[in-house]
Amino acid sequence: MTPAISEQVRWTVSDLDGFPDNGNRYEIIDGELFVTRAPHLDHQDSAGALYAELLNWSQKSKLGKPFFAPGVIFSAEDAVIPDLIWISHERKSRIVDTAGHLTAAPEIVIEVLSSTAKDKKRDQETKLKLYSVQGVLEYWIVDREEKTITVYRREEGILKKVLTLFESDRLTSPLLPGFSCAIATVFE
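Using the working numbering, the letters of the sequence shown correspond one by one to residues 581 to 768.
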């Protein structure tokens, strides 16, 4: 009797070319395909509030720029669409391909948690590991239900949780000199 041979399918960026443009987000992490629907309006509202704060600061500082849902292709088997990123002009000039995708880590990645347990786990564990390995300097996880933002910063080569901010707090970053955002505005 011949033993059954099981091969796990490993997805790559090139596989996405044949997928329909139907409003779903297709991400690949370590060759595994993740499909999610368009985010909830409140999800987009929180991301939009942070985008507005980052854009306002960026226009004044001239140090970089935030982007909504950019494609980040770390490798053929690791391609994601974070809710929001902030990237310096200097770094952006080195890591954007001709299709307009980032090919390496931006300085800051922001994910707004969805309501499903599997989506939360992906953002809090799987993507945290991916962003850590790929060199993201800060990772902000926005929790609409708890009205918190958890901040991870690169320390000793990995992303480590440094603080959780609540509605009465202000978000700052050593990467963004002079930036300050009232957490409450993200959840209005």
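Ideal placement from N, C-alpha and C gives every residue a C-beta, glycine not left out. Model, not experiment: these values are computed from the prediction.
{"Query": "DSSP three-state assignment for GLU705, whether helix, strand or coil", "Result": "helix"}
{"Query": "Residues of its chain near VAL731, where Cβ-Cβ distance is below 6 Å and the 5 sequence neighbours each way are ignored", "Result": "TRP720, VAL742, LEU743"}
{"Query": "The segment 708-728 touching the segment 677-695, judged by at least three CB pairs closer than 8 Å", "Result": "yes"}
{"Query": "Cβ-Cβ distance between THR592 and GLU657 below 9 Å", "Result": "yes"}
{"Query": "Per-residue DSSP class, three states only, for GLY644", "Result": "strand"}
{"Query": "Whether VAL676 touches PRO662 by CB criterion (9 Å)", "Result": "no"}
{"Query": "Segment contact flag, the segment 746-759 with the segment 626-646, C-beta cutoff 8 Å, min 3 pairs", "Result": "yes"}
{"Query": "Residue burial classification, ILE801 (beta-carbon count within 10 angstroms, cutoff 16)", "Result": "Any answer about residue 801 is impossible in this case: the structure gives the chain only from 581 up to 768."}
{"Query": "ALA764, enclosing alpha helix (DSSP H) - first and last residue", "Result": "763-766"}
{"Query": "Residues that THR744 bridges to, as DSSP identifies them", "Result": "THR730"}
{"Query": "Closest by C-alpha distance to GLU612, when choosing among SER638, ARG674, LEU710, ALA618", "Result": "LEU710"}
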